[in-house]
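Reviewing the structure listed below.
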Amino acid sequence: MIDKKNLGETLIIHDLTFELRRSSKRTSIGITIGRRGELILSAPQECTHEHIKRVAEEKYRWIYTRLAKKEMLFRPPRKKEFLTGESFFYMGYNYRLQLLPTDQLDTNTPPLSFAGGWFLLRENERDQAQEHFITWYSTHALKWLEHRVADLAQHVGVKPESIHVRDLGYRWGSCGHNSILNFHWRIAQLPPLMIDYIVVHELAHMHESRHNNAFWRRVKQTIPDYEERKQWLAEKGSMF
1 MIDKKNLGET LIIHDLTFEL RRSSKRTSIG ITIGRRGELI LSAPQECTHE HIKRVAEEKY
61 RWIYTRLAKK EMLFRPPRKK EFLTGESFFY MGYNYRLQLL PTDQLDTNTP PLSFAGGWFL
121 LRENERDQAQ EHFITWYSTH ALKWLEHRVA DLAQHVGVKP ESIHVRDLGY RWGSCGHNSI
181 LNFHWRIAQL PPLMIDYIVV HELAHMHESR HNNAFWRRVK QTIPDYEERK QWLAEKGSMF
């Protein structure tokens, strides 16, 4: 039989809507902001709405600060038009795009290339530019990662089975139970220091599946300033 007291309630406090979760095991009120900005209040079983509301109001500044960061993190990037002069990140730096007139090119000229600090796109390939950029980033990300993973894995004390680059949605990387590492193709846009942090993060998961103290200790052994890099990604990752 389901205990209705343990079912989630909806609690509206001013302009914010919370999911209220009660538990007989809790002794204090906690506030969690989910990955997509959902608000969760966890409270003791017999705690009154008035007391819960008072605690939440005391945390209003903190809640709005965190929600603002979530909005920045998941704000969709500005859609690219793939015009001459438009900028694209690669290894943390911005490089401009130049469209190349098709009638002046050799038939062997690739759809997209990088030379002299410019991304070079065949003009007749502009409609497929998004796909060409994803392919280009994926190829160069894999080359970079194969080198860095091999080096950093020795420091972490693990040996991944394989590395893959694909679209991981909002995640920069993931580590499967079979020791296969996956990375987002956008990782090629990040500064190398951030790439190293993401790599070590996933390698550490081969020791510890959870983000517990033991996990972060392993990360810190290889990346002593991991907290600064983690914060940088949280604040600026949406740029890439």
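Under full-length UniProt numbering, the first residue of the sequence shown carries the number 1, and numbering increases by one thereafter.
For each residue, glycine too, the CB sits at the ideal point set by N, CA and C.
Because the structure is a prediction, the values reported are computed rather than measured.
Non-local beta-carbon contacts of PRO101 in its own chain, meaning distances under 7 Å to residues more than five positions away in sequence, involve GLU123 in chain order.
In the same chain as THR65, and ignoring 5 residues on each side of it, no C-beta atom comes closer than 7 Å to its own. The Cβ atoms of MET206 and VAL165 do not sit closer than 8 Å to each other. At a Cβ-Cβ threshold of 8 Å, PHE119 and LEU97 count as neighbours. When only Cα atoms are considered, THR48 and TRP144 end up about 55 Å apart. Using a C-beta cut-off of 8 Å, the segment 219-227 makes no contact with the segment 169-180, since fewer than three inter-stretch Cβ pairs fall below that distance.
By the criterion of at least three beta-carbon pairs nearer than 8 Å, the segment 200-218 is not in contact with the segment 101-112. In this structure, GLU38 lies away from LEU20, with their beta-carbon atoms at least 8 Å apart. A residue is called buried when at least 16 other Cβ atoms come within 10 angstroms of its Cβ; TYR93 does not meet this threshold and is exposed. With fewer than 16 other beta carbons inside 10 angstroms of its own, MET239 counts as exposed. Straight-line measurement puts the Cα of SER113 at about 45 Å from the Cα of TRP62.
By the 16-neighbour rule on beta-carbons within 10 angstroms, ILE187 is buried. The beta carbon of PHE18 sits closer than 6 Å to those of LEU11, LEU39, LEU41, all from its chain and outside the five residues before and after it, given in chain order.
Counting other Cβ atoms within 10 Å of its Cβ, HIS147 stays below 16 and is therefore classed as exposed.
For GLU19, the pairing in a beta bridge is given by DSSP as THR10, ILE40. In chain order, LYS5, ARG22, SER23, SER24 place their CB closer than 7 Å to the CB of GLN45, counting only its own chain and leaving out the 5 sequence neighbours on each side. The C-alpha of GLN130 is placed about 25 Å away from the C-alpha of LEU181. Per DSSP, TYR170 lies in no alpha helix (DSSP H) segment and is marked neither H nor E. GLU208 and ASP167 have their C-alpha atoms roughly 24 Å apart. The residues ILE40, in chain order, have a CB closer than 6 Å to that of THR32 in the same chain once the five nearest residues on each side in sequence are set aside. Boundaries for TRP185: no beta strand (DSSP E) harbours it, and the DSSP string shows neither H nor E there.
Per the coordinates, the alpha-carbon of LEU152 lies some 16 Å from the alpha-carbon of ARG229. For LEU145, the enclosing alpha helix (DSSP H) starts and ends at 129-156. When the five nearest sequence neighbours on each side are left out, the beta carbons in the same chain lying within less than 7 Å of the beta carbon of SER162 are those of ILE180, in order along the chain. Cβ atoms of GLN189 and TYR95 stay farther apart than 8 Å, at about 10 Å.
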